[in-house]
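Quick notes on the structure that follows.
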Amino acid sequence: MAEQRVLVVGGGLAGLAAAMKLAELGIPVDLMSLTPVKRSHSVCAQGGINSVNELTRQQGDSEYLHFDDTVYGGDFLQHQPPVKEMADWAPRIIDLMDRLGVPFNRTPEGFRDQRRFGGTLYKRTAFAGATTGQQLLYALDEQVRRWHAGGMIAIYEGWDFLSPVLDDDGRCRGAIAQNLVSMEIRSFPADAVILATGGCGLIYGRSTMSMACTGSAASRCSKAGVKYANGEFIQVHPTAIPGADKLRLMSESARGEGGRVWVPRKPQDSREPGEISEGERYYFLEERYPKYGNLVPRDIATREIFNVCVNEGLSVEADRQCVYLDLTHISREELDRKLGGILHIYEKFQGVDPREEPMKIFPAVHYSMGGMWADYERTVEGGLVLGSPRNHQTNVPGLYAIGECDYQYHGGNRLGANSLLSCIFTGLFVAPSVQNMMGSLSSSAHDEKYDTLHRGQRAVRQLEHDNLLKREGGRENPYVIHQELGDVMTKAATVVRDNDQLKDAIEKVNELGERIENCSLSDTGNWTNQNVMFTKALRDMFPIAKAILQGALARDECRGAHYKPKFTMPGVEADDPAERRRQAEAWCDAFEEKNRKWLKTTIASFDKEGEPTLSYEEVDTSIIPPRPRLYGLVGAEVIEEVWKGRQANRNGSANGQSEPAPATAAATS
Amino acid sequence: MIAPAHDHHDQPSSFEVRVLRQAGPGEPSHWERHQITYEPNLNVISVLQKIAAQATTADGKDTTPVAWDCNCLEEVCGACTMLVNGQTRQACSALVDKLLADDPSGIELAPMSKFPVLRDLVVDRARMFRALERVHAWIEVDGYGDRGAGPRESQEGQEFRYPLSECMTCGCCVEACPQYAKVELTKHVDETDEQFEKRQEQAYDESFLGAAAISQAMLFNEHPTGHMNAGERLEALMAPGGLQVCGNAQNCVSVCPKEIPLTTSIAKAGRQTTWHAFKRLFDR
Amino acid sequence: MDSQANSSTQSFLARNDFLIRRLHSLSGLIPVGAFMVVHLMVNASVLESPAAFQKNVYSIHGLGSLLPVVEWVFIFIPILFHAIVGVVIVAGGMPNNNQYRYAANYRYTLQRATGMLAFFFIMAHVFHMHGWFHADVWLENVVHPLGGAQFKPFNAASTAGLALQGYVWVAVYVIGVLACVYHLANGVWTMGITWGVWTSAAAQARASAVCSVLGVLLAVVGMGALFGIRASGSGEKLEQAIQAEDQMYESKVASGEVKANEHKRRHEEEAEKSESEDDLAALEDQSAGATQRE
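Chains A, B and C, in that order, are what the protein sequence lines are. Once you know that position 143 of the first sequence is 144 in the working numbering, the rest is easy, because the numbers rise by one and skip nothing. Once you know that position 218 of the second sequence is 239 in the working numbering, the rest is easy, because the numbers rise by one and skip nothing. Once you know that position 96 of the third sequence is 82 in the working numbering, the rest is easy, because the numbers rise by one and skip nothing.
And the structure:
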């Protein structure tokens, strides 16, 4: 048997963490990435990384509460065992990153400093200035470089993943990829392929995501049979800087460090913000959510900003939607120390100093909670079995998905500073699973017997490519189609969703999907042809776009980032105590009914043409029973009271019996 | 849009963009003119996107889209470095309004001159990553198991390391460096890819490290754990193509988009290599 | 690492690049720069009086037969080493001042330009005053016909002054001395970075200010020396200088402090011959006058 190797696709946090951990386990790795790994999208993460720490522990915090915040923030849509495992690992992961040299901000005594992030009441977030993602990525990049120098990791930068190679039994034996410079197409035999290819923000045209985040790798896997889960859950970040080419993120840490969101009470008040007195300012988040203030979970902050601009007409500017994010009450020196990086971005791209003048921001597409379906193996205690070959394996054996491109950790809505954690965690955690899976194989994908398989698959991709170059296209321009796709998606499937609009959007996207087949290439050369690579990626945006729209259309409820005004559950407004009680009971009944119907993972399976079909899967909520998310709801107290009463009764009757685990992915084998 | 730093009423309806194009390595280059419709708040990336969508030159001839590198578009990934009006910088943070205010005749885009051109504005900066390997730019941890937190660090220490750690290997510092000479090899006909790569790496290893890599060596020497391997890094800085090639023109620090104190790193490297050389001379 | 394995195949010079560059940096200060400072200060003592200058020259020539050894080991060879390595460095640089108009970048280019200027100037200067070698064949057949070896140590101010009467030579000396001074002052500043003396931007700025002041002072000293010596080469001052020098010579010979050595004194014929190149009527007159008076 030839040497076994692993192919890691994607060089962001997750991919790098997986590669270095595999190398440590003695497994040779091929690491493939669209961009030089150091330029991966993880560099854009700004605010920090969450874990319970010594200080929060003393205030009563624990791994369990981090886990609880994460599933509560995610509206209970995630399977709980992986999340629990992640929260348990979090302190160790931050310790490891600390050892790798990440320059975390320090307290005067030399300990890691922490800030508070959205969706929690504890200061759990460790940070390195306002470029935490960059710093974490570089630390992993450095370790991978170290293994590369030692010969354990081969790096293929500037390669685009075209498809997984599946053998007759449907097991993944490697991948086909194309070089962005030479346009060479070759096969990469591998005994396990780990996809760590990030999000799909480019489907929305402009987002806070990088230009490499097309989602094409996930889409190409879906065509090979990999299921895509919870596609409709797209996080829209409340605060981004609008721009012609990109919507640049303004980190949640700006609010974590005391930034306040407001609009003038007088619509489109033309005065300079500094001249508007406190009384004339509407701090709408603080007024509506006194407990969390400006740090409500992202989906809520986004909706409130959207609402105050669109429905209440209080946008700061008349011809453009935006609100103030104000840091001017904080000292320059403190701002520079803690937020220097992001303030620099605002200054550089807007030409205005945010230390002097409030920033103007608006929500933007930011993160895909959904992604490739991935498995796990649960322990009796509710965590994951370390090293189980099933952990993070997709429904295609030998093909794994980690990081943003899997769906497991964030449910209906991701909490700030949890994505860096989930990326590094999944990267480290998947390595022993892959090792054990490979140990059970009796062959290597580099064995001669697989040569024909790889040659054949390569030839298919080569033919596709040649045909695309030769194609007599119509006059469709791929860049224009991309723009139209982005507009349709942004309008229909972001903050507020409406079924009629979604139906329209599906029709338009289908139409665009047909038009893309009529694209003419303005470059038909075979050297660094970005035109053809973009066209391929654009074509592969359609299956995921359709999965997002159809998932959103089907899901008639509000959950996390998925919000349909027609299916909201109004709070308790009555004054009479008995009536209040009755309404609260009714509310709780409705809530239970909603969960029975919709507390399910949306699973999209695709045909060869990339048309999705939806099915649903139970969610393992056996550790923390779902409870209503009551942030800012009218009558929240009475609903909570009723709900707690019901829970107490239930626990009493179920006394001693553990909840049965759902039969699907969560089942222990 | 958000109010720009100056008003636009005197802006033209369109402006010219000249791009230095090159079909591939070793091919001749030529300037191509494009006419772009003016909009407020454009940056050079959106200009290149417009050029790609237009696919027509200023003279109305069909052309292939200009090839360029980019990813994050917020000046943290370092991909889109190029020469904008002769100056090395990131295209994403090069704002058109400002460029036209400085030079109303248009905008000139060229690839970086110190790296092999792959196509148009795309260059191969592998040498910079290779330099990071030369100076052992990493912390030699025992492994990735749980061993508790890293060493405690003073705020002062963190405030020294953090700016150095912001280096995104964009290449501005070496592009502007008069001591950093371009290394470009051509592949022999009878050479395999691996052989060519090997030869290229060898050529890179003998050439100047550049400010970015020198500064990274200082970043890791400053870390308590990294300090344990400081000697290895200093040896690399003293090897051929090392620190000594620096000519103190200090352009690196002037052009660095992250304002990294590169010349402080260089001087620190000077100090550390001085002590290291003495120790080597007298301690063994 | 590969890079270390490769180094065995590289040339001796490439392998020892770091050491060579550090020696180059060091040699610029010690002994070359230090020598230059002493040289300019000694020469500037002519401003006090030609006799004071002469006295200093005697103390240098007190080394006797060791002097050529000292000259070669501590002055000529280090200068040659500094110059040759310097030329290699200059050849490896690609100035880009048109693109990057920063002050430090101009200083970088100027450092290289003044280095080259200084090199040519020093070669010319040593030939002009000293003649490079003191073998008779060389002096008679090459140096004297070309107007070199003008300086006579026992008539220090007067012979040097006479040699500096031509405007061309004055211009050469002004440019040459200023180039040397800039090269030293800026060289001290870069040396502080090279060796890691001043590291932070603020410290480098302070060092730069100090080096600038030193440079200006040294330039003043240099110009003082140049024009002081030049002044001793004409008119009444020349006469006084010769008188003082000759008196000092005679008393030193009489006391046995100095051995009589006509090679180190001025000769009328040579003085006349020396005008052959850039002859100026004025210079001729003065020399003639001086001859007459003697």
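Even for Gly, the Cβ is constructed at its ideal location relative to N, Cα and C.
Asked: Closer than 8 Å to chain B by CB, Gln190 of chain C; Found: yes
Asked: Minimum Cβ-Cβ distance from Ser13 of chain C to chain B less than 8 Å; Found: no
Asked: Beta bridge counterpart(s) of Gln394 of chain A as assigned by DSSP; Found: A:Tyr401
Asked: Any chain B beta carbon closer than 8 Å to Ile179 of chain C; Found: yes
Asked: Minimum C-alpha distance to Gly181 of chain C - residue among B:Gln43, B:Val105 and B:Ala288; Found: The amino acid occupying residue 181 of chain C in the given sequence is Trp; Gly does not appear at that position. Ranking B:Gln43, B:Val105 and B:Ala288 by Cα distance to Trp181 of chain C puts B:Ala288 first.
Asked: Residue environment, Glu4 of chain A, which counts as buried when at least 16 other CB atoms sit within 10 Å; Found: exposed
Asked: Where Arg140 of chain B falls: helix, strand or coil (DSSP); Found: strand
Asked: Cross-chain neighbours of Phe568 of chain A in chain B, by beta carbon under 9 Å; Found: Neighbours of Phe568 of chain A on chain B: none; closest Cβ ~35 Å, over 9 Å.
Asked: Buried/exposed call for Tyr229 of chain A, threshold 16 Cβ in 10 Å; Found: buried
Asked: Neighbourhood of Asn532 of chain A by C-beta distance below 7 Å, restricted to the same chain and skipping five residues each side; Found: Leu522, Ser523 and Asp524
Asked: For Ile362 of chain A and Leu248 of chain A, the rounded distance between their alpha carbons; Found: 10 Å
Asked: Three-state class that DSSP yields for Met373 of chain A in the structure shown; Found: strand
Asked: From A:Thr303, A:Asp76, A:His67 and A:Ala140, residue whose alpha carbon lies closest to that of Asp96 of chain A; Found: A:Ala140
Asked: CB contact check: Pro104 of chain A to chain B, cutoff 8 Å; Found: yes
Asked: Segment limits, alpha helix (DSSP H) that includes Gly171 of chain A; Found: Where Gly171 of chain A is concerned, there is no enclosing alpha helix (DSSP H), given that its DSSP letter is neither H nor E.
Asked: Integer-rounded CB distance, given that Lys203 of chain B should sit under 8 Å from Lys119 of chain B; Found: That pair is no contact at about 29 Å.
Asked: Residue range of the alpha helix (DSSP H) that includes Met189 of chain B; Found: No alpha helix (DSSP H) holds Met189 of chain B; DSSP gives it neither H nor E.
Asked: Contained alpha helix (DSSP H) runs [length at least 4] in the region 37 to 64 of chain C, N- to C-terminal order; Found: 53 to 56
Asked: Chain B contact residues for Asn82 of chain C, given Cβ-Cβ distances below 8 Å; Found: Ala197, Pro199 and Asn272
Asked: Nearest to Phe128 of chain A (by Cα), restricted to the options A:Glu580, A:Gly341 and A:Thr569; Found: A:Gly341
Asked: Chain C residues whose Cβ lies nearer than 8 Å to that of Ser275 of chain B; Found: Tyr86, Tyr88, Ala90 and Asn91
Asked: For Gly48 of chain C, the nearest candidate out of C:Asn247, C:Gly19 and C:Leu125 (CA to CA); Found: C:Asn247
Asked: Alpha carbon of Glu276 of chain A to alpha carbon of Pro359 of chain A, nearest angstrom; Found: 12 Å
Asked: Assigned exposure category for Ala131 of chain B - 16 Cβ within 10 Å defines buried; Found: buried
Asked: Listed by chain order, chain B residues near Cys45 of chain A by CB distance under 8 Å; Found: Cys93, Glu95, Val97 and Cys98
Asked: Boundaries of the alpha helix (DSSP H) in which Tyr205 of chain A is found, first to last residue; Found: That residue, Tyr205 of chain A, is in no alpha helix (DSSP H); it is neither H nor E in DSSP.
Asked: The ligand ADP heavy atom lying under 7 Å from the CB of His25 of chain C; Found: Of ligands this structure carries none, so the ligand ADP is not represented either.
Asked: Residues that His238 of chain A bridges to, as DSSP identifies them; Found: A:Ala365
Asked: C-beta contact flag for Asn180 of chain A and Gln115 of chain A at 8 Å; Found: no
Asked: Beta-carbon gap between Glu110 of chain A and Ala88 of chain A smaller than 8 Å; Found: no
Asked: Buried/exposed call for Pro33 of chain B, threshold 16 Cβ in 10 Å; Found: exposed
Asked: Rounded C-alpha distance that separates Ala257 of chain C from Val128 of chain C; Found: Here Ala257 of chain C scores only 47 on pLDDT, less than 50, and its place in the model is too uncertain to base an answer on.
Asked: Cβ contact check for the region 343 to 353 of chain A and the region 95 to 104 of chain B: 3 or more pairs under 8 Å; Found: yes
Asked: Proximal residues of chain A, C-beta to C-beta of Ala224 of chain B below 9 Å; Found: In chain order: nothing, as chain A lies at least about 18 Å away.
Asked: Whether Val366 of chain A touches Glu378 of chain A by CB criterion (8 Å); Found: no
Asked: Other residues of its chain near Leu125 of chain C: CB distance less than 7 Å, five sequence neighbours each side excluded; Found: Gly117 and Ala135
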